[in-house]
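Enquirer: Okay, here's the structure, questions in a sec.
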Amino acid sequence: MRGGMASKRPLNAAISWVKRQPPKVKAVVAGMATLVFIRFIVHDHDNLFVAAEAAHAIGILVLIYKLTKEKTCAGLSLKSQDLTALFLAVRLYCSVVMEFDIHTLLDTCTLVTTLWVIYMIRFKLKSSYMEDKDNFAIHYVIIPCAVLAFLIHPSTSHVLVNRICWAFCVYLEAVSVLPQLRLMQNTKIVEPFTAHYVFALGVARFLSCAHWVLQVLDTRGRLLTALGYGLWPPFVLLSEVVQTFILADFCYYYVKSVVGGQLVLRLPSGVV
């Protein structure tokens, strides 16, 4: 009996510590616990990449529904869609010239859909676009990503320009959601379909990050060696972690809102 009580004390202390932490820490702890859980129940970690693509597709379908049925683009960041289209276009080019595979087709579909979303926001639903709230300066992410790609890129046998382009799309993808988060922070209130879309992105990026992390663990670091040498391998993994971390706060408040039965998500200051 005493042994059981003693064993519960560290667990209760850990739970109490987590409850006292800010949302981002809670989200990170939850993510790490989920990662451990996935490690034991998913034997083929390549399935995580497929699941990530599926989550992203669900997010896009939610976005299409919002634009076609709700006839509004309120709450959506055109600048995030522009960044998404940019990194997808660059990645599609790299995929075609470097390694044409099934992901080339997936990226083509995603790019076409993203361009359609951009068209709808710019022209068809322009009256509902919150231009004054979508005030993130995207050159603050494009220029650093381009500079970083020039300095740190794959060490493969491909043409240098292609290697730099590949690194650029990896870095840009990691931060492409920042304008969307800024817009939601400016409005404070996020309507359901936008919240569902961004949460789907968060899930997709978490699963993609989990795929990379677990692959590295399974190969005992050999995967990083296979990606090349120098700073590029760890920066690929870091990019996956960064894009997951960026959405951690939002996903925490989204889950909290859903569990609480709230249809509209209210974001406190400091999420972005």
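Residue numbers (this note's numbering): 1 to 272. Ideal placement from N, C-alpha and C gives every residue a C-beta, glycine not left out.
I want to know whether the segment 72-88 touches the segment 175-190 - three or more CB-CB distances under 8 Å.
Expert: The answer is yes - the segment 175-190 touches the segment 72-88, with three or more Cβ pairs under 8 Å.
Enquirer: Roughly how many angstroms lie between the CA atoms of residue 146 and residue 168, to the nearest whole one?
Expert: The residue labelled residue 146 in the question sits at position 146 within the sequence shown. The residue labelled residue 168 in the question sits at position 168 within the sequence shown. Roughly 6 Å separates the two Cα atoms.
Enquirer: In terms of residue numbering, what span does the alpha helix (DSSP H) encompassing residue 198 cover?
Expert: To locate residue 198, count along the sequence shown from 1; it is residue 198. That run of the alpha helix (DSSP H) goes 192-218.
Enquirer: Give the straight-line distance between the Cα atoms of residue 101 and residue 159, rounded to the nearest whole angstrom.
Expert: Taking the sequence shown and counting its residues from 1, the one referred to as residue 101 is at position 101. Taking the sequence shown and counting its residues from 1, the one referred to as residue 159 is at position 159. Going by the C-alpha atoms only, they are around 19 Å apart.
Enquirer: Just checking: is the beta-carbon of residue 139 within a distance shorter than 8 Å of some beta-carbon in chain B?
Expert: Among the chains in the structure shown there is no chain B, since it carries only a single protein chain.
Enquirer: What are the residues that DSSP puts in a beta bridge with residue 163?
Expert: As a first step, residue 163 must be located in the sequence shown, where it is residue number 163. Residue 163 is not bridged to any residue.
Enquirer: Counting beta carbon pairs with one atom in the segment 208-218 and one in the segment 68-79, are three or more of them shorter than 8 Å?
Expert: Output reads no: the segment 208-218 does not touch the segment 68-79.
Enquirer: According to the Cβ coordinates, are residue 97 and residue 200 closer than 8 Å?
Expert: Walking along the sequence shown from the start, residue 97 turns up at place 97. Walking along the sequence shown from the start, residue 200 turns up at place 200. No, these two residues do not count as a Cβ contact at 8 Å.
Enquirer: Per the DSSP calculation, residue 265 is bridged to which residue(s)?
Expert: Walking along the sequence shown from the start, residue 265 turns up at place 265. In the DSSP output, where bridge partners are listed per residue, residue 265 has 190.
Enquirer: Rounded to whole angstroms, what's the CA-CA distance from residue 80 to residue 139? Just pull it up for me.
Expert: Against the sequence shown, residue 80 aligns to sequence position 80. Against the sequence shown, residue 139 aligns to sequence position 139. Spanning the two alpha carbons is a distance of roughly 12 Å.
Enquirer: Tell me which residues share the same chain as residue 89 and place their Cβ nearer than 8 Å to its Cβ, disregarding the 5 neighbours each side in the sequence.
Expert: Here residue 89 refers to the residue found at position 89 when the sequence shown is read from its first residue. Cβ within range, chain order: 111.
Enquirer: Spatial neighbours of residue 148 within its chain, please: CB distance less than 6 Å, with the 5 preceding and 5 following residues excluded, ordered by chain position.
Expert: Sequence index remark: in the sequence shown, residue 148 carries index 148 (1-based). Here the set comprises 171.
Enquirer: Around the Cβ of residue 95, are there at least 16 other Cβ atoms within 10 angstroms (buried) or fewer (exposed)?
Expert: Here residue 95 refers to the residue found at position 95 when the sequence shown is read from its first residue. It counts as buried.
Enquirer: Tell me, please, whether the segment 118-136 touches the segment 178-197 by the rule of three or more beta-carbon pairs shorter than 8 Å.
Expert: Counting Cβ pairs under 8 Å, three or more are found: they touch.
Enquirer: Assuming residue 44 is part of the alpha helix (DSSP H), what are its boundary residues?
Expert: Reading the sequence shown from its first residue, position 44 is the one you call residue 44. Counting along the chain, residue 44 falls outside any alpha helix (DSSP H), and DSSP gives it neither H nor E.
Enquirer: Which residues in the same chain have their Cβ closer than 7 Å to the Cβ of residue 202, if we skip the five residues on either side of it in sequence?
Expert: As a first step, residue 202 is located in the sequence shown; it is residue number 202 there, counting from the start. Contacts found: 247, 250 and 251.
Enquirer: Kindly indicate which three-state DSSP category residue 130 falls into: helix, strand or coil?
Expert: The residue you call residue 130 lines up with position 130 of the sequence shown. In this structure, residue 130 counts as coil in the three-state DSSP scheme.
Enquirer: Counting only the same chain and skipping the five closest in sequence on each side, list residues whose C-beta sits under 7 Å from that of residue 129.
Expert: As a first step, residue 129 must be located in the sequence shown, where it is residue number 129. Around residue 129: 73, 78 and 121.
Enquirer: Taking the beta carbon of residue 189 as the centre, do at least 16 other beta carbons fall within 10 Å, making it buried, or is it exposed?
Expert: Within the sequence shown, residue 189 is the residue found at index 189, counting from 1. Residue 189 comes out exposed.
Enquirer: Once the 5 residues before and after residue 42 are set aside, which same chain residues still bring their CB inside 7 Å of it?
Expert: As a first step, residue 42 must be located in the sequence shown, where it is residue number 42. Excluding sequence neighbours, residue 42 sits near 48.
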